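For reference, the structure is listed below as structure tokens.
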Amino acid sequence: MALAGLRPPAEWEALDGVLVAAWPVAYDDAFVPLTAAILDQGLTLYVCTRTDEASNDNAEQWLQGRSGVQWLDCGVDTVWVRDWGPFFLEGEEGRQLGDSWYLGQRPNDNHYPTDLGGQHFDAPVHEVPMRLDGGNLLPVADGACLSSTTVTSRSELDPSEAEATLRDTLGCPEVVWLEPVPEEITGHVDMHVLPLPDGRVLSGLEVNDAVLWEAGLEPEPFPMPPAEDLDLDGWTDHATFLNAVWLGEGVLLVPTYQSWPERSEAALELLEELLPGVRVVGVPSEVLLL
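The sequence shown finishes on residue 303 if you use our numbering, and the numbering steps up by one all the way, no holes.
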């Protein structure tokens, strides 16, 4: 049964705060400027504790003395809040949380939204009965949702069943299914598209442009960094400039990479050109790939 009036807010809409998890020293280059930018915007920074005490100690050291920080006793496994965290939804009766299935080998991440998320954010939690990482749901300006064809295969649902579930539990009136980045392990849609408030969708994969046009959206081609094995560990590292974070409509945090300084600078300049009035902030993110 559909939940009345439910909808997933677009990522550029006004927000109260941002949920992150404590991070290890190895991720300081990314998380220190990321959390500083959030706090500098006057937003509340909600910080989940992890099972890794060294990460908790490291984050506490960096955030000590900063106002606007609220620690949450979560005991989660990893830093990937965007993927295992609850879906924050707006409904006729106020905020609600949606909880989908996450990776079984990360049980504390998987259980957080239902076990503790509702308590922490004083909101009811309902199940989203499918395998759906947060990086595979992007609302667009008209209320539709972008997702990846990997969702249907991983949940063993056909597209119509998946669309019905997303409509009834997350309030997506329409789902636009896009192909993932080839050979990229997560299969997430946020790796290659970024919806904008004016209805355009920045698109890093030309193969999806026809589908976006057919859905009534306007794809804007955007360059992607090359896929390379940066640390020579035998795995291809897939970087992107589009896995960005909106802090309301006026600020966009964008991943940058030390291996591609010129490409990173060009991406920031292009985003500034495409988004007049938006402050585009680069966040060094190569450490998150390795």
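The beta carbon of each residue, even a glycine, is placed where N, CA and C say it ideally should be.
None of the values given here were measured: they were computed from a predicted structure.
Would you kindly check if the distance between the Cβ of G148 and the Cβ of R20 is under 8 Å?
Cβ distance not < 8 Å, so R20 and G148 don't count as in contact.
Terminal residues of the continuous alpha helix (DSSP H) containing F44?
Run containing F44: 41-53, per the alpha helix (DSSP H) assignment.
Does D128 come out as helix, strand or coil in the three-state DSSP assignment?
Helix at D128.
Taking a contact to mean a Cβ-Cβ separation below 8 Å, would you say A43 touches L301 in this structure?
Going by C-beta atoms, A43 is nearer than 8 Å to L301.
Roughly how many angstroms separate the alpha carbons of L243 and P297, rounded to a whole number?
L243 and P297: Cα-Cα distance of roughly 15 Å.
With D70 and D146 assumed to form a contact (beta carbons below 8 Å), what rounded beta-carbon distance in angstroms separates them?
Wrong, their Cβ atoms sit about 28 Å apart, outside the cutoff.
Let me know if I198 comes out buried or exposed under the rule of 16 or more other beta-carbons within 10 Å of its beta-carbon.
Exposed: under 16 other Cβ atoms inside 10 Å.
Please report the straight-line C-alpha distance between W25 and L159, rounded to a whole angstrom.
So the two alpha carbons sit approximately 15 Å from each other.
Kindly indicate which residue of L47, F134, E187 has the alpha-carbon position closest to the one of E227.
Considering only alpha carbons, the answer is E187.
Kindly list the residues whose CB is nearer than 8 Å to the CB of H139, restricted to its own chain and excluding five residues on each side of it in sequence; keep chain order.
Excluding sequence neighbours, H139 sits near L16, Q109, L110, G111, D112, T182.
Roughly how many angstroms lie between the CA atoms of P232 and S168, to the nearest whole one?
C-alpha separation (whole angstroms): 27 Å.
Can you name, in chain order, every residue of its own chain whose Cβ lies under 8 Å from the Cβ of M14, other than the five neighbours on each side?
Since pLDDT at M14 reaches only 46, below the 50 mark, its modelled position is unreliable, and the value read off the structure follows with that caveat. Cβ within range, chain order: D181.
Measuring straight from C-alpha to C-alpha, what distance separates P126 and G261?
If I take the Cα positions, the gap works out to 23 Å.
I need the straight-line Cα distance from E192 to L150, nearest angstrom please.
Approximately 13 Å between the Cα atoms of the pair.
Below 6 Å CB to CB, which residues in the same chain sit around V89 once its five sequence neighbours on both sides are set aside?
Only A34, C61, R63, N121, D122, Y125 meet the Cβ criterion.
Please classify T165: does DSSP put it in a helix, a strand, or coil?
Residue state, collapsed to three classes: helix.
Tell me, which residues are paired with C158 by DSSP?
Answer is P152, V188, bridged to C158.
Would you grab the beta carbon distance between D250 and L303 for me? Rounded to a whole angstrom, and I think it's under 8 Å.
Indeed they touch by this definition, with Cβ atoms about 7 Å apart.
Contact check, L284 vs V264 under 8 Å by CB: the rounded distance?
Incorrect: roughly 12 Å between the Cβ atoms, too far for contact.
Please identify the residue among P152, T165, A252 whose C-alpha is closest to the C-alpha of F100.
F100 has its Cα closest to that of P152, out of P152, T165, A252.
Return yes when the Cβ of Q77 is within less than 8 Å of the Cβ of T57, no when it is not.
For T57 and Q77, no; Cβs fall outside 8 Å.
Report all residues from its chain with a CB closer than 8 Å to the CB of N221; omit the five preceding and five following residues, and keep chain order.
Counting only Cβ-Cβ distances below 8 Å, and skipping sequence neighbours, we find L191, E192, H205, V206, P232.
Tell me which residues share the same chain as G295 and place their Cβ nearer than 6 Å to its Cβ, disregarding the 5 neighbours each side in the sequence.
Same-chain partners within the cutoff: V267, T269, L281.
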